[in-house]
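Letter by letter, the sequence shown follows residues 116 to 262 of the working numbering.
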Amino acid sequence: HHYMYKVLSARKHFFNGYLLALYNENPDQDLGHRSIEQFQKALQLQPDSPLAYWQMSSVYAFNLLKLDSAEYYAQKAIEMNPYWTLPYTNIAFILSEKYKQYDRAKAYLEQASSIDSSSASLCNAWGLNHNNAKEYAQAEQQLQKAI
């Protein structure tokens, strides 16, 4: 009956799902479903946390190979905390690295840039997107800026 029980239990489920997904970014239906199950349990206990949605996006992209769901959950995380750039850069990385959709990734990076253009992680994400698109001069410029 402790007042922190729900929050701590939600975090436990979040980290269980996070650690499961962290070990394998290859297609793996079983691992993906087990991770999603943990994130859903976390959301039942703490529905106002964008962390689970942020990670569900990655699991759907890498383990379950469902890009539409990956974008959906990235958007849910963004809606819950529109000034948090990590969901933007994460879905941009997914689109660029995994799905080779550089222009779609660029749209998310532009949105994140309007929030915090000086972020080192955002500069790194821009650099990776440019590198994946074989725009090496722009990649080098952004990666130097990140450093």
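In this text, a Cβ means the ideal position worked out from N, Cα and C, and glycines have one as well.
Note that the structure is a prediction, hence the values are computed from the model and not measured.
Query	Result
Can you say whether residue 137 is buried or exposed, counting buried as having 16 or more other CB atoms within 10 angstroms of its CB?	exposed
Apply the 10 Å Cβ neighbour rule to residue 209 and answer buried if 16 or more other Cβ atoms are within range, or exposed otherwise.	buried
Output the distance between the C-alpha atoms of residue 142 and residue 256, rounded to the nearest integer angstrom.	33 Å
By Cβ distance, which residues of its chain are closer than 8 Å to residue 200, with the 5 residues on each side in sequence left out?	227, 230, 231, 234, 236, 237
Quick check on the DSSP output: what are the complete alpha helix (DSSP H) runs of length 4 or more inside the stretch 153-196, in order along the chain?	165-177, 182-195
Write down the C-beta distance between residue 122 and residue 147 rounded to the nearest angstrom, noting that I regard them as a contact closer than 8 Å.	So it is not a contact: roughly 26 Å between Cβ atoms.
Using CA coordinates, which residue listed in 194, 168, 195 is at the minimum distance from residue 185?	168
Starting from the C-beta of residue 125, find all residues in its chain whose C-beta is less than 7 Å away, skip the five residues before and the five after it, and write them out in chain order.	157, 160, 161, 164
Would you tell me roughly how many angstroms separate the C-alpha atoms of residue 151 and residue 176, rounded to the nearest one?	12 Å
Could you check what DSSP says for residue 199 in three-state terms: helix, strand or coil?	coil
I'd like the list of long-range same chain contacts for residue 171, defined as Cβ closer than 7 Å, with 5 residues on each side in sequence excluded.	151, 154, 188
CB-CB under 7 Å to residue 205, same chain, minus the five flanking residues each way: which ones, in chain order?	169, 172, 173, 189
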